[in-house]
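The structure appears right after this line, and notes come after that.
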Amino acid sequence: MQAFEYASPTTKEQAVKLMASSWGETEILAGGTDLISLMKDYVSTPRRVVDIKGIRELSGIAPKGAGLRIGALVTIEQLANHPLVRQRYPALVQAADGMTSPQIRARGTVGGDLCQRPRCWYYRAGFGLLAQDGGQPLVPDGENRYHAIFGGGPAYFVNPSSLAPALIALGAKVRLFGAEGPREVAVADFFLIPKDSSDRENVLKPNEILTEIEVPGGAGRNATYEVRQKMALDWPLVAAAVALKLEGKAVKSSRVVLGHVAPIPWPSPEAEEALNGKTISEQVAAEAGEAAVRKAQPLSGNRYKVQLARTAVKRAILQAAKGV
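Under the numbering used here, think of the first position of the sequence shown as -4, with each following residue one higher.
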(Lines of atoms letter the chains of each structure in order from A and count residues from 1; the text may use other names and numbers.)
(Lines give C-alpha, C1' and ligand atoms only; values in the text may rest on other atoms or scores of the structure.)
Protein backbone atom coordinates (compact mmCIF):
# COMPACT_ATOMS: atom_id res chain seq x y z
CA MET A 1 0.00 0.00 0.00
CA GLN A 2 1.30 3.42 -0.96
CA ALA A 3 1.71 6.06 1.78
CA PHE A 4 -1.11 8.62 1.90
CA GLU A 5 -2.38 11.66 3.78
CA TYR A 6 -5.39 11.05 6.03
CA ALA A 7 -8.18 13.59 6.63
CA SER A 8 -11.28 13.30 8.81
CA PRO A 9 -13.80 16.11 8.11
CA THR A 10 -16.95 16.62 10.16
CA THR A 11 -19.10 18.25 7.45
CA LYS A 12 -19.75 17.43 3.82
CA GLU A 13 -18.49 20.89 2.86
CA GLN A 14 -15.14 20.18 4.50
CA ALA A 15 -14.99 16.79 2.79
CA VAL A 16 -15.52 18.24 -0.66
CA LYS A 17 -12.83 20.90 -0.13
CA LEU A 18 -10.35 18.14 0.72
CA MET A 19 -11.03 16.28 -2.51
CA ALA A 20 -9.17 16.74 -5.77
CA SER A 21 -10.76 17.78 -9.06
CA SER A 22 -9.34 14.78 -10.96
CA TRP A 23 -9.63 11.06 -10.34
CA GLY A 24 -6.90 9.19 -8.52
CA GLU A 25 -5.66 11.98 -6.28
CA THR A 26 -8.12 11.42 -3.42
CA GLU A 27 -10.44 8.66 -2.29
CA ILE A 28 -13.43 8.57 0.07
CA LEU A 29 -13.28 6.20 3.05
CA ALA A 30 -16.55 5.07 4.68
CA GLY A 31 -16.68 1.41 5.73
CA GLY A 32 -13.44 0.73 3.87
CA THR A 33 -14.42 -2.80 2.88
CA ASP A 34 -13.68 -2.11 -0.80
CA LEU A 35 -11.19 0.78 -0.76
CA ILE A 36 -8.63 -0.90 1.49
CA SER A 37 -8.39 -3.95 -0.76
CA LEU A 38 -7.98 -1.71 -3.81
CA MET A 39 -5.19 0.19 -2.09
CA LYS A 40 -3.46 -2.99 -0.94
CA ASP A 41 -3.45 -4.24 -4.54
CA TYR A 42 -2.22 -0.85 -5.85
CA VAL A 43 -5.30 -0.52 -8.07
CA SER A 44 -6.01 2.69 -6.17
CA THR A 45 -3.07 4.84 -5.07
CA PRO A 46 -4.53 8.07 -3.63
CA ARG A 47 -2.35 10.77 -2.15
CA ARG A 48 -5.12 11.60 0.32
CA VAL A 49 -7.87 9.52 1.92
CA VAL A 50 -10.88 11.48 3.16
CA ASP A 51 -12.64 9.63 5.97
CA ILE A 52 -16.31 10.67 6.06
CA LYS A 53 -17.43 8.55 9.03
CA GLY A 54 -17.40 11.65 11.28
CA ILE A 55 -20.05 13.47 9.19
CA ARG A 56 -23.15 12.89 11.31
CA GLU A 57 -25.66 14.15 8.77
CA LEU A 58 -24.79 11.19 6.53
CA SER A 59 -26.12 8.72 9.09
CA GLY A 60 -29.57 7.51 10.11
CA ILE A 61 -32.82 6.25 8.62
CA ALA A 62 -35.94 8.39 8.95
CA PRO A 63 -39.39 8.75 7.37
CA LYS A 64 -39.59 11.32 4.60
CA GLY A 65 -43.12 11.89 3.43
CA ALA A 66 -44.52 8.49 2.55
CA GLY A 67 -41.01 7.16 1.96
CA LEU A 68 -37.66 6.90 3.72
CA ARG A 69 -34.43 8.84 3.83
CA ILE A 70 -31.39 6.56 4.25
CA GLY A 71 -28.05 8.17 5.06
CA ALA A 72 -25.07 7.03 3.01
CA LEU A 73 -23.25 5.91 6.18
CA VAL A 74 -26.05 3.58 7.32
CA THR A 75 -24.52 0.13 7.64
CA ILE A 76 -25.90 -2.97 5.98
CA GLU A 77 -26.78 -4.32 9.43
CA GLN A 78 -28.71 -1.16 10.35
CA LEU A 79 -30.58 -1.24 7.05
CA ALA A 80 -31.55 -4.91 7.35
CA ASN A 81 -32.82 -4.53 10.92
CA HIS A 82 -34.66 -1.22 10.71
CA PRO A 83 -38.37 -1.76 11.42
CA LEU A 84 -39.65 0.61 8.71
CA VAL A 85 -37.39 -0.93 6.07
CA ARG A 86 -38.55 -4.40 7.10
CA GLN A 87 -42.18 -3.34 6.97
CA ARG A 88 -42.18 -1.47 3.65
CA TYR A 89 -39.23 -2.66 1.60
CA PRO A 90 -38.62 -6.42 1.85
CA ALA A 91 -36.63 -6.20 -1.39
CA LEU A 92 -33.97 -4.17 0.43
CA VAL A 93 -33.97 -6.46 3.45
CA GLN A 94 -33.58 -9.56 1.29
CA ALA A 95 -30.71 -7.97 -0.64
CA ALA A 96 -29.01 -6.93 2.60
CA ASP A 97 -29.55 -10.35 4.18
CA GLY A 98 -27.61 -11.89 1.31
CA MET A 99 -24.48 -10.25 2.72
CA THR A 100 -23.89 -12.86 5.41
CA SER A 101 -20.47 -11.78 6.70
CA PRO A 102 -20.90 -10.14 10.15
CA GLN A 103 -17.86 -7.96 9.47
CA ILE A 104 -19.19 -6.71 6.13
CA ARG A 105 -22.65 -6.09 7.58
CA ALA A 106 -21.19 -4.14 10.50
CA ARG A 107 -18.69 -2.07 8.49
CA GLY A 108 -20.09 -1.89 4.98
CA THR A 109 -22.37 1.06 4.21
CA VAL A 110 -25.31 1.64 1.90
CA GLY A 111 -23.41 4.39 0.06
CA GLY A 112 -20.36 2.16 -0.18
CA ASP A 113 -22.41 -0.66 -1.67
CA LEU A 114 -23.55 1.68 -4.46
CA CYS A 115 -20.11 3.21 -5.04
CA GLN A 116 -17.90 0.10 -4.80
CA ARG A 117 -15.68 -0.60 -7.78
CA PRO A 118 -16.19 -3.65 -10.04
CA ARG A 119 -15.08 -7.06 -8.76
CA CYS A 120 -13.78 -8.09 -12.22
CA TRP A 121 -10.44 -9.85 -11.72
CA TYR A 122 -8.98 -8.21 -14.83
CA TYR A 123 -9.78 -4.77 -13.40
CA ARG A 124 -8.39 -5.76 -10.00
CA ALA A 125 -5.23 -6.99 -11.72
CA GLY A 126 -4.64 -3.58 -13.29
CA PHE A 127 -6.10 -4.02 -16.80
CA GLY A 128 -8.66 -1.22 -16.40
CA LEU A 129 -12.45 -1.15 -16.48
CA LEU A 130 -12.52 -2.38 -20.08
CA ALA A 131 -10.10 -5.21 -19.25
CA GLN A 132 -7.78 -4.64 -22.17
CA ASP A 133 -4.14 -5.42 -22.86
CA GLY A 134 -2.54 -3.46 -25.68
CA GLY A 135 -5.97 -2.27 -26.75
CA GLN A 136 -7.28 -5.83 -27.08
CA PRO A 137 -10.20 -7.01 -24.91
CA LEU A 138 -9.29 -9.87 -22.58
CA VAL A 139 -12.75 -10.98 -21.46
CA PRO A 140 -14.50 -12.41 -24.57
CA ASP A 141 -11.88 -15.13 -25.09
CA GLY A 142 -10.61 -15.21 -21.51
CA GLU A 143 -11.80 -16.27 -18.08
CA ASN A 144 -15.32 -14.86 -18.17
CA ARG A 145 -17.56 -17.14 -16.13
CA TYR A 146 -18.64 -14.31 -13.78
CA HIS A 147 -18.92 -11.59 -16.41
CA ALA A 148 -21.81 -9.85 -18.19
CA ILE A 149 -24.50 -11.48 -20.31
CA PHE A 150 -26.05 -8.12 -21.26
CA GLY A 151 -24.51 -4.95 -22.65
CA GLY A 152 -22.45 -6.37 -25.50
CA GLY A 153 -19.18 -4.69 -24.52
CA PRO A 154 -16.76 -3.02 -24.61
CA ALA A 155 -17.21 -3.28 -20.81
CA TYR A 156 -17.90 -6.82 -19.57
CA PHE A 157 -17.66 -6.43 -15.79
CA VAL A 158 -20.85 -6.78 -13.75
CA ASN A 159 -22.16 -4.13 -11.41
CA PRO A 160 -21.33 -5.42 -7.91
CA SER A 161 -24.01 -3.62 -5.87
CA SER A 162 -26.39 -5.85 -3.95
CA LEU A 163 -28.81 -3.01 -3.14
CA ALA A 164 -28.96 -1.21 -6.49
CA PRO A 165 -31.43 -3.52 -8.30
CA ALA A 166 -33.92 -3.24 -5.44
CA LEU A 167 -33.46 0.54 -5.15
CA ILE A 168 -34.07 0.96 -8.88
CA ALA A 169 -37.16 -1.27 -8.78
CA LEU A 170 -38.44 0.86 -5.89
CA GLY A 171 -37.83 4.12 -7.78
CA ALA A 172 -35.19 5.45 -5.37
CA LYS A 173 -32.99 8.52 -5.83
CA VAL A 174 -29.54 9.41 -4.53
CA ARG A 175 -28.42 12.84 -3.41
CA LEU A 176 -24.90 13.92 -4.26
CA PHE A 177 -22.91 16.86 -2.93
CA GLY A 178 -19.88 18.39 -4.59
CA ALA A 179 -17.97 21.56 -5.31
CA GLU A 180 -20.89 22.84 -7.39
CA GLY A 181 -23.45 22.09 -4.66
CA PRO A 182 -26.10 19.37 -4.29
CA ARG A 183 -27.80 17.42 -7.03
CA GLU A 184 -30.29 14.56 -7.21
CA VAL A 185 -30.05 11.53 -9.49
CA ALA A 186 -32.36 8.56 -9.90
CA VAL A 187 -30.53 5.39 -8.90
CA ALA A 188 -31.47 4.07 -12.35
CA ASP A 189 -29.36 6.88 -13.87
CA PHE A 190 -26.49 6.73 -11.37
CA PHE A 191 -24.63 3.90 -13.11
CA LEU A 192 -22.92 4.12 -16.51
CA ILE A 193 -21.41 1.70 -18.99
CA PRO A 194 -17.87 2.90 -19.79
CA LYS A 195 -17.19 3.36 -23.48
CA ASP A 196 -13.45 3.98 -23.24
CA SER A 197 -10.66 3.63 -20.70
CA SER A 198 -11.12 7.17 -19.34
CA ASP A 199 -14.78 6.64 -18.38
CA ARG A 200 -16.08 5.70 -14.94
CA GLU A 201 -18.90 3.34 -14.02
CA ASN A 202 -21.12 5.96 -12.34
CA VAL A 203 -21.93 9.66 -12.57
CA LEU A 204 -20.00 10.73 -9.46
CA LYS A 205 -17.46 13.49 -10.03
CA PRO A 206 -13.98 13.33 -8.45
CA ASN A 207 -14.86 15.98 -5.86
CA GLU A 208 -18.37 14.77 -5.10
CA ILE A 209 -19.82 12.43 -2.46
CA LEU A 210 -23.03 10.46 -2.16
CA THR A 211 -24.86 11.75 0.90
CA GLU A 212 -28.21 9.94 1.10
CA ILE A 213 -30.75 7.75 -0.62
CA GLU A 214 -34.46 8.57 -0.80
CA VAL A 215 -36.87 5.67 -1.31
CA PRO A 216 -40.42 6.75 -2.21
CA GLY A 217 -43.53 5.34 -0.63
CA GLY A 218 -46.20 3.37 -2.42
CA ALA A 219 -43.76 0.79 -3.75
CA GLY A 220 -46.36 -1.96 -3.71
CA ARG A 221 -45.25 -5.54 -3.23
CA ASN A 222 -41.53 -6.01 -3.72
CA ALA A 223 -38.85 -8.67 -3.39
CA THR A 224 -35.27 -9.56 -4.26
CA TYR A 225 -34.12 -13.05 -5.18
CA GLU A 226 -30.39 -13.84 -5.44
CA VAL A 227 -28.48 -16.88 -6.63
CA ARG A 228 -25.07 -17.37 -5.00
CA GLN A 229 -22.45 -20.04 -5.38
CA LYS A 230 -22.22 -20.35 -1.62
CA MET A 231 -24.08 -18.87 1.32
CA ALA A 232 -20.89 -17.72 3.04
CA LEU A 233 -19.34 -14.37 2.05
CA ASP A 234 -19.70 -14.14 -1.72
CA TRP A 235 -21.14 -11.88 -4.41
CA PRO A 236 -24.28 -13.10 -6.17
CA LEU A 237 -23.98 -14.78 -9.54
CA VAL A 238 -27.35 -13.28 -10.51
CA ALA A 239 -30.05 -11.28 -8.73
CA ALA A 240 -33.51 -10.03 -9.60
CA ALA A 241 -35.51 -7.30 -7.88
CA VAL A 242 -39.21 -6.82 -8.52
CA ALA A 243 -41.80 -4.22 -7.49
CA LEU A 244 -45.45 -4.88 -8.30
CA LYS A 245 -48.47 -2.58 -8.05
CA LEU A 246 -51.68 -4.55 -8.16
CA GLU A 247 -55.21 -3.55 -9.10
CA GLY A 248 -57.33 -6.29 -7.66
CA LYS A 249 -55.40 -9.43 -8.60
CA ALA A 250 -53.96 -8.03 -11.81
CA VAL A 251 -50.59 -6.28 -12.16
CA LYS A 252 -51.21 -2.60 -12.82
CA SER A 253 -47.52 -1.76 -13.19
CA SER A 254 -44.20 -3.44 -12.47
CA ARG A 255 -40.47 -2.92 -12.31
CA VAL A 256 -38.05 -5.78 -12.92
CA VAL A 257 -34.30 -5.19 -12.52
CA LEU A 258 -31.54 -7.77 -12.89
CA GLY A 259 -28.29 -7.57 -10.94
CA HIS A 260 -24.80 -8.96 -11.58
CA VAL A 261 -25.52 -9.60 -15.26
CA ALA A 262 -24.30 -6.34 -16.85
CA PRO A 263 -22.03 -3.34 -16.12
CA ILE A 264 -25.13 -1.59 -14.77
CA PRO A 265 -28.16 -2.97 -12.92
CA TRP A 266 -30.17 -4.18 -15.90
CA PRO A 267 -33.86 -3.14 -16.19
CA SER A 268 -36.07 -5.56 -18.08
CA PRO A 269 -38.96 -3.84 -19.86
CA GLU A 270 -39.53 -7.17 -21.62
CA ALA A 271 -40.31 -8.89 -18.31
CA GLU A 272 -42.48 -5.96 -17.24
CA GLU A 273 -44.48 -6.18 -20.45
CA ALA A 274 -45.02 -9.89 -19.80
CA LEU A 275 -46.42 -9.06 -16.34
CA ASN A 276 -48.53 -5.95 -16.79
CA GLY A 277 -52.25 -6.61 -16.92
CA LYS A 278 -51.80 -10.25 -15.88
CA THR A 279 -52.71 -12.11 -12.71
CA ILE A 280 -49.57 -13.56 -11.17
CA SER A 281 -49.24 -17.32 -11.50
CA GLU A 282 -46.40 -19.80 -11.92
CA GLN A 283 -46.88 -19.65 -15.69
CA VAL A 284 -46.97 -15.84 -15.87
CA ALA A 285 -43.87 -15.57 -13.69
CA ALA A 286 -42.08 -18.13 -15.86
CA GLU A 287 -43.06 -16.23 -19.02
CA ALA A 288 -41.66 -13.02 -17.50
CA GLY A 289 -38.43 -14.84 -16.63
CA GLU A 290 -38.17 -16.07 -20.20
CA ALA A 291 -38.79 -12.57 -21.55
CA ALA A 292 -36.11 -11.13 -19.26
CA VAL A 293 -33.33 -13.18 -20.86
CA ARG A 294 -34.52 -13.05 -24.47
CA LYS A 295 -31.80 -10.54 -25.43
CA ALA A 296 -29.00 -12.07 -23.35
CA GLN A 297 -25.60 -12.37 -25.05
CA PRO A 298 -23.64 -14.88 -22.96
CA LEU A 299 -19.89 -15.25 -23.34
CA SER A 300 -17.98 -18.50 -23.81
CA GLY A 301 -17.96 -19.39 -20.12
CA ASN A 302 -21.10 -17.87 -18.60
CA ARG A 303 -24.09 -19.27 -20.49
CA TYR A 304 -25.26 -20.80 -17.20
CA LYS A 305 -26.13 -17.26 -16.06
CA VAL A 306 -29.00 -17.12 -18.55
CA GLN A 307 -30.83 -19.92 -16.76
CA LEU A 308 -30.02 -18.42 -13.35
CA ALA A 309 -31.43 -15.05 -14.44
CA ARG A 310 -34.56 -16.68 -15.83
CA THR A 311 -35.13 -18.48 -12.53
CA ALA A 312 -34.28 -15.47 -10.35
CA VAL A 313 -36.86 -13.30 -12.12
CA LYS A 314 -39.56 -15.96 -11.80
CA ARG A 315 -38.91 -16.52 -8.09
CA ALA A 316 -38.65 -12.80 -7.28
CA ILE A 317 -42.05 -12.22 -8.93
CA LEU A 318 -43.70 -15.07 -7.02
CA GLN A 319 -42.09 -13.91 -3.78
CA ALA A 320 -43.26 -10.33 -4.28
CA ALA A 321 -46.78 -11.42 -5.21
CA LYS A 322 -47.08 -13.37 -1.96
CA GLY A 323 -45.96 -10.32 0.00
CA VAL A 324 -43.15 -12.33 1.62
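We put the beta carbon where it would ideally sit given N, CA and C, even for glycine.
{"Item": "Cβ pair residue 215, residue 238 closer than 8 Å", "Value": "yes"}
{"Item": "Selected residue, minimal CA-CA separation from residue 301, among 79, 222, 11 and 9", "Value": "222"}
{"Item": "Nearest residue (CA-CA) to residue 27, options 19, 37 and 44", "Value": "44"}
{"Item": "Counted within 10 angstroms of its Cβ, other Cβ atoms place residue 178 as buried (16 or more) or exposed", "Value": "exposed"}
{"Item": "For residue 204 and residue 169, believed in contact at Cβ under 8 Å, the rounded distance", "Value": "With 8 Å as the limit, residue 169 and residue 204 do not qualify as a contact, their Cβ atoms being about 11 Å apart."}
{"Item": "For residue 5, the three-state DSSP class (helix, strand or coil)", "Value": "coil"}
{"Item": "Where residue 229 falls: helix, strand or coil (DSSP)", "Value": "coil"}
{"Item": "Whole alpha helix (DSSP H) elements within the region 5 to 79, 4-residue minimum", "Value": "7 to 12, 30 to 35 and 71 to 76"}
{"Item": "Under 8 Å between C-beta atoms of residue 101 and residue 72", "Value": "yes"}
{"Item": "CB-CB length for residue 86 against residue 283, believed under 8 Å", "Value": "Their Cβ separation, rounded to whole angstroms, is 16 Å, which puts residue 86 and residue 283 out of contact at 8 Å."}
{"Item": "Status (buried if at least 16 other CB within 10 Å, exposed otherwise) for residue 309", "Value": "buried"}
{"Item": "Cutoff 6 Å; reference residue 161; Cβ partners in own chain excluding five residues on either side", "Value": "86, 87, 90, 219 and 236"}
{"Item": "The beta strand (DSSP E) enclosing residue 177, as first and last residue numbers", "Value": "176 to 181"}
{"Item": "Three-way DSSP call (helix, strand, coil) for residue 112 in this model", "Value": "coil"}
{"Item": "Meets three-Cβ-pair contact criterion under 8 Å: the region 171 to 189 and the region 111 to 119", "Value": "no"}
{"Item": "Top-ranked residue by Cα proximity to residue 53, from 154, 193, 171 and 305", "Value": "171"}
{"Item": "Separation of residue 307 from residue 287, as counted between CA atoms", "Value": "10 Å"}
{"Item": "Environment of residue 106 [buried if 16+ CB atoms lie within 10 Å]", "Value": "buried"}
{"Item": "Residue 145 at chain C interface by Cβ criterion, 8 Å", "Value": "Within the model displayed, chain C is absent; a lone protein chain is all it includes."}
{"Item": "8 Å contact criterion, which residue 297 and residue 119 should meet: CB distance rounded", "Value": "Contact doesn't hold; Cβ gap of about 18 Å is too wide."}
{"Item": "C-alpha distance - residue 274 paired with residue 244, whole-angstrom precision", "Value": "6 Å"}
{"Item": "As assigned by DSSP and simplified to three states, the class of residue 371", "Value": "Outside the modelled stretch of the chain, which goes from -4 to 319, sits residue 371, for which no answer is possible."}
{"Item": "Ordered list of beta strand (DSSP E) runs contained in the region 251 to 290, each at least 3 residues", "Value": "none"}
{"Item": "Reference residue 40; option with closest CA among 18, 58 and 49", "Value": "18"}
{"Item": "Residue 173 in three-state terms, based on DSSP", "Value": "strand"}
{"Item": "Cβ pair count under 8 Å reaching 3, the region 143 to 163 against the region 256 to 274", "Value": "yes"}
{"Item": "Euclidean distance between Cα positions of residue 138 and residue 38", "Value": "20 Å"}
{"Item": "Between the CA atoms of residue 10 and residue 293 - distance to the nearest angstrom", "Value": "42 Å"}
{"Item": "Straight-line gap, residue 299 to residue 103 (C-alpha atoms, nearest Å)", "Value": "30 Å"}
{"Item": "Run of the beta strand (DSSP E) containing residue 208, from where it starts to where it stops", "Value": "203 to 210"}
{"Item": "Residue 153, DSSP secondary structure in three states", "Value": "coil"}
{"Item": "Beta-carbon separation (whole angstroms), residue 6 vs residue 56, contact threshold 8 Å", "Value": "Between residue 56 and residue 6 the Cβ distance is about 20 Å, and since that is not below 8 Å, they are no contact."}
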